[in-house]
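First to last, the sequence lines map onto chains A and B. Going by this note's numbering, the residue at position 84 of the first sequence is 84; the numbering climbs one at a time, nothing skipped. Counting the second sequence from 1 gives a position; this note's numbering is that position plus 1000. We put the CB at the ideal spot given by N, CA and C, even for glycine. As structure tokens, the structure follows; a few thoughts come after it.
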Amino acid sequence: MKPKRMPIVGWLAVGVVLLSVWSCDGAHDQGQDTTAGEFGDGITITGIPDGFAFTVAVGVGGSSSFMFATADGSAEFSVTRRLSAPSMSIQGRHVTRDGRVFTVAQVEGQTRTVEDVGNGVLIEVASRTLDTESLLDIAETVTYDPARDP
Amino acid sequence: MWTFSGNADRQIMPATALYTVSRYLVNGQLINGQTSLFVGSWFCKYGKTSGTRCGYVDSINFHPPSPPYPAGMYDFILANTQIPAIGGDSGGPSYQLSKAVGITSGCTTTDPLGCDAWPRAGYWNKAFITKIGNALSGTGYGLY
């Protein structure tokens, strides 16, 4: 007996289900930008939100920042690596995600998340335009490799 | 005493046996006074890492971004791409002929690997420089 072929409506239904599963595939996998990857001074960022692109890096003393912005400049954030951090006091609300502790604070008109990654190195994600949750989502995808930090 | 706010990134060091006070920079350039620059002025910078580099002024009232600078800093010289800054250059002198114009503070670059990756094809790097007048202001010191 010849098997019955699935009608086109059936294939469409399967497609909708697959699309639904794909679109629910975890918040961290949504909206990733192809500019994500390795940056200088040991920084890797895998979770750059959709629509943001790297603009410039700025360095001074033991600190270096990597700036990101949307094409129209309406939103921005930066990722900063600070050395000689022991002298800095980190005041703010502590948030733990996946065992990593981030301190969230309002500093100089910005929302900032700060993570102490040890050996006197702080990783800071800051923005004047993004909210705390968005910054934490980015901060969770930032890693620091001292072997890549001259 | 280190100042890292307003219009200056400067540190005043006592002249002790550890330091040689000289009218000559490490690259042999004589310094016998100070002057101010304008947009488009030609000047040179000596950096311990990048050596002697000469080029033009892009801006004379540049506001370094925060972070990594503290918020509200202003009135810096932004060099053109002929004058980069790399780690180790900070604190180095800038000059026009024999007149001092500034002190290297930081850098900005389009290279995602940062300022220290300079030079890489396709990316630029520009130095931020504290004006010598701002560095000396209020200190009671001058350059002659």
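Chain-ordered neighbours of residue i on chain B, where CB pairs are closer than 8 Å
i, result
"proline 150 of chain A", "Gly1087 and Asp1116"
"glycine 51 of chain A", "Within 8 Å Cβ-Cβ: nothing; glycine 51 of chain A doesn't reach chain B, min ~17 Å."
"phenylalanine 194 of chain A", "Absent from the model: residue 194 of chain A. The displayed extent of chain A is 1 to 150, so no value can be given."
DSSP three-state assignment for residue i, whether helix, strand or coil
i, result
"glycine 37 of chain A", "strand"
"threonine 1052 of chain B", "strand"
"isoleucine 1060 of chain B", "strand"
"isoleucine 1129 of chain B", "strand"
"isoleucine 138 of chain A", "helix"
"aspartate 1116 of chain B", "helix"
"alanine 147 of chain A", "helix"
Environment of residue i [buried if 16+ CB atoms lie within 10 Å]
i, result
"isoleucine 1012 of chain B", "exposed"
"alanine 1100 of chain B", "buried"
"serine 74 of chain A", "exposed"
Beta-carbon gap between residue i and residue j smaller than 9 Å
i, j, result
"serine 78 of chain A", "alanine 147 of chain A", "no"
"glycine 1106 of chain B", "alanine 1079 of chain B", "no"
"valine 107 of chain A", "threonine 132 of chain A", "no"
"glutamine 1029 of chain B", "cysteine 1044 of chain B", "yes"
Rounded C-alpha distance that separates residue i from residue j
i, j, result
"valine 117 of chain A", "alanine 1135 of chain B", "34 Å"
"alanine 1085 of chain B", "aspartate 1058 of chain B", "14 Å"
"proline 150 of chain A", "arginine 82 of chain A", "13 Å"
"valine 114 of chain A", "isoleucine 1132 of chain B", "34 Å"
"proline 1093 of chain B", "aspartate 98 of chain A", "47 Å"
"leucine 135 of chain A", "valine 121 of chain A", "19 Å"
"threonine 1104 of chain B", "glycine 1142 of chain B", "18 Å"
"asparagine 1027 of chain B", "aspartate 72 of chain A", "44 Å"
Contact set between residue i and chain A, taken where Cβ atoms lie within less than 9 Å
i, result
"proline 1067 of chain B", "Val58, Ser63, Ser65, Ser78, Thr80, Arg82, Val107, Glu108, Gln110, Arg112, Glu124 and Ala126"
Amino acids of chain A, ordered along the chain, whose beta-carbon sits closer than 8 Å to that of residue i
i, result
"alanine 1008 of chain B", "Those within 8 Å of alanine 1008 of chain B in chain A number zero; the least Cβ separation is about 13 Å."
Within chain B, the residues that residue i reaches when beta carbons sit closer than 7 Å
i, result
"phenylalanine 102 of chain A", "What phenylalanine 102 of chain A touches in chain B: nothing, since even the nearest Cβ is about 16 Å away."
"phenylalanine 68 of chain A", "Per Cβ cutoff of 7 Å: no residues; phenylalanine 68 of chain A is ~10 Å from chain B at best."
Residues that residue i contacts on chain B, provided the C-beta gap is smaller than 9 Å
i, result
"glycine 73 of chain A", "Those within 9 Å of glycine 73 of chain A in chain B number zero; the least Cβ separation is about 13 Å."
Residue i CB to nearest heavy atom of the ligand FMN below 8 Å
i, result
"arginine 1120 of chain B", "With respect to small molecules bound, the structure shown includes none, and the ligand FMN cannot be examined in it."
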